[in-house]
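Under numbering that gives the first Met the number 0, think of the first position of the sequence shown as 0, with each following residue one higher.
C-beta: ideal position from N, C-alpha, C; glycine also.
The structure displayed is predicted, hence computed values, not measured ones.
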Amino acid sequence: MPTDLDGPAMVPPQGIVPNFERGRNRQALAYAVVFLGIAFSTLSTVLHLVNRAISKRLGMAEFFLITAWGQYLAFQVIVLRCAYFPGIGRNQWDFRLRDLPEFLHVRALLIDSEIFH
C-alpha cells in the first residue's frame, strides 16, 4: 500500500485543510513556561546552596539536589525540542507524514524520562 509521505500525518476532520507551513501552535507559551520554570528552579537551587554554604552544612542532600537539578535541565531541553517541532498545541494533520518518525523519537525520549524518573 503506497503512502504519500508529503501528505498529512493524520486524516483531518471533514472541512479542515491541513496547513503544513504555519500550523496553529503555542510555541511562545511553551517557551515562556519552560524558561520561567528553569529560572525559578535555578534561583531556588542557588539560594538553597548559598544558605547551606553560609551555615556550613553542606551534605549529601545538596549533592542530590544538584543532580536532580541537572536532570530537570536535561528534561527541559527535550521539552524545548518538542516545542520547536512539531510545536505545542499543533494538530497532527498540520505536519507531514515524513516528519512523524522525528516526532515519535522525541516523544519516546519524553516517555522514557517520565517512566524511569
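Methionine 59: member of the alpha helix (DSSP H) spanning 59 to 83, first to last residue.
Counting C-beta pairs closer than 8 Å gives fewer than three between the region 55 to 68 and the region 3 to 13, which falls short of the contact rule. At a Cβ-Cβ threshold of 8 Å, alanine 82 and alanine 38 do not count as neighbours.
For arginine 25, the three-state secondary structure derived from DSSP is coil. With a cut-off of 8 Å on Cβ pairs, the region 11 to 20 is in contact with the region 91 to 105, counting three or more such pairs. Histidine 47 and methionine 59 have their C-alpha atoms roughly 13 Å apart. The Cβ-Cβ distance between glycine 86 and asparagine 24 falls below 8 Å.
Short of 8 Å from the beta carbon of isoleucine 77, and not among the five residues preceding or following it, lie these beta carbons of its own chain, in chain order: Val105, Leu108, Leu109 and Ser112. Of the residues Lys55, Arg56 and Ala67, the one whose Cα lies closest to the Cα of serine 43 is Ala67. When the five nearest sequence neighbours on each side are left out, the beta carbons in the same chain lying within less than 7 Å of the beta carbon of arginine 51 are those of Leu57 and Glu61, in order along the chain. Assignment of arginine 89 by DSSP, reduced to helix, strand and coil, places it in the coil class.
Non-local beta-carbon contacts of aspartate 98 in its own chain, meaning distances under 8 Å to residues more than five positions away in sequence, involve Ala8, Phe84 and Pro85 in chain order.
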